[in-house]
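In this note's numbering, the protein residues as written are 369 to 431. Just so you know, even glycine gets a beta-carbon here, dropped at the ideal spot from N, CA and C. Accompanying notes for the structure given below.
Next up, the structure:
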């Protein structure tokens, strides 16, 4: 019981985070989200950097 109390009080509180405010139009956000979702669905779980590389590949073909 004492060890649990020590662990509880020794933890730092989580910082208060504000929601992210997007500056892109909703249509563009939806398109980007859909593209990233399709990449993850096709290639499985990826790291952030791998996902970004795939997004850049898709952008070359689209743009």
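{"Query": "Report the residue from 412, 408, 403 and 414 whose alpha carbon sits nearest the alpha carbon of residue 428.", "Result": "403"}
{"Query": "Given a cut-off of 8 Å, decide if residue 390 and residue 397 are closer than it, judged by their beta-carbon atoms.", "Result": "yes"}
{"Query": "Roughly how many angstroms separate the alpha carbons of residue 409 and residue 424, rounded to a whole number?", "Result": "16 Å"}
{"Query": "Between the C-alpha atoms of residue 401 and residue 374, what's the straight-line distance to the nearest angstrom?", "Result": "43 Å"}
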